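Participant:
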Amino acid sequence: MSSAPSPEQILKHLRRSNDVARRAMSLGHHPFGAVLVGPDHETVLLEQCNIDTVNHAESTLARVAATNYTPEFLWGCTLYTAVEPCCMCAGTAYWANIGRVVFGMTEEQLLAETGDHGENPTMSVSSRYVFEHGQKPVELIGPVPEIAAETVEMQRAFWATR
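Mapping the sequence shown onto the UniProt record's numbering, position 147 (from 1) lands on 147, and the numbers just tick up by one.
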């Protein structure tokens, strides 16, 4: 694993993932976005907005990354997403060999904002649980309180209109 990103880099890339989530909303999709950053913690390799209930931003990004980069290279990369990856997305990042995942707000916080909304049936399985049950040590950073309020507000505003 490469060196850790700085707090400034973490906030910059989490904010960019929120920008990607806003792009998803403009396309009529749910407000989730993912950004893959190279081992230098600056180079953005991929961005992906949410598509639908089985093509989440993070899992789609991880699949595209796995077809474009070697597992060895991806192990030094970081996936940023303002909302904690669901168990499907965490598993896909794991299998793609992405070595670090950073998120802003937890899945539990998302559930508090969306309730039992039929368009977002969250699962109470944290990404931490998924990664702890793997055979390789994916580094997980989050939640990041400095981005949570911004992300919560975007989620709250979106789901209130659905």
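A virtual CB, placed ideally from N, CA and C, is assigned to each residue, including glycine. Just so you know, these numbers come straight off a predicted model, no measurement behind them.
Since C49 is in the beta strand (DSSP E), which residue starts that stretch and which ends it?
Facilitator: Numbered from its first residue, the sequence shown carries residue 49 at position 49. Start and end: 44 to 49.
Participant: When you compare each of W75, S124, E146, P71 to P15 by their alpha carbons, which one comes out closest?
Facilitator: Numbered from 1 along the sequence shown, position 15 holds the residue referred to as residue 15. One detail in the question is off: residue 15 reads as Arg in this sequence, not Pro. When each option's Cα is compared against that of R15, the closest is E146.
Participant: Leaving out five residues on either side along the sequence, give the residues of the same chain with a beta carbon under 6 Å from the beta carbon of T53.
Facilitator: One-based indexing of the sequence shown puts residue 53 at position 53. So no residue of the chain qualifies.
Participant: To the nearest angstrom, how far is it from the Cα of T161 to the Cα of E72?
Facilitator: Residue 161 sits at position 161 when you count from the first residue of the sequence shown. Residue 72 sits at position 72 when you count from the first residue of the sequence shown. Cα to Cα, the separation comes out at about 43 Å.
Participant: If you check the beta carbons only, do Q48 and V83 fall under 8 Å apart?
Facilitator: Position 48 of the sequence shown holds residue 48. Position 83 of the sequence shown holds residue 83. No, these two residues do not count as a Cβ contact at 8 Å.
Participant: Going by DSSP in three states, L14 sits in which element: helix, strand or coil?
Facilitator: The residue given as residue 14 occupies position 14 in the sequence shown. DSSP places L14 in helix when its eight states are reduced to three.
Participant: Taking the beta carbon of M123 as the centre, do at least 16 other beta carbons fall within 10 Å, making it buried, or is it exposed?
Facilitator: In the sequence shown, counting from the first residue as 1, residue 123 sits at position 123. With fewer than 16 other beta carbons inside 10 angstroms of its own, M123 counts as exposed.
Participant: Check this for me: beta carbons of C89 and H56, under 8 Å apart or not?
Facilitator: In the sequence shown, counting from the first residue as 1, residue 89 sits at position 89. In the sequence shown, counting from the first residue as 1, residue 56 sits at position 56. A contact, by the Cβ cut-off of 8 Å.
Participant: Under the DSSP definition of a beta bridge, which residues are partnered with I141?
Facilitator: Counting from 1 along the sequence shown, the entry for residue 141 is found at position 141. V102, per the DSSP bridge assignment.
Participant: Mind checking whether V101 and S127 have CB atoms under 8 Å apart?
Facilitator: Reading the sequence shown from its first residue, position 101 is the one you call residue 101. Reading the sequence shown from its first residue, position 127 is the one you call residue 127. A contact, by the Cβ cut-off of 8 Å.
Participant: Have a look at P137, K136, L110, H117 and flag the residue whose alpha-carbon is nearest the alpha-carbon of F32.
Facilitator: In the sequence shown, the residue the question calls residue 32 occupies position 32. Checking every option, the nearest Cα to that of F32 belongs to L110.
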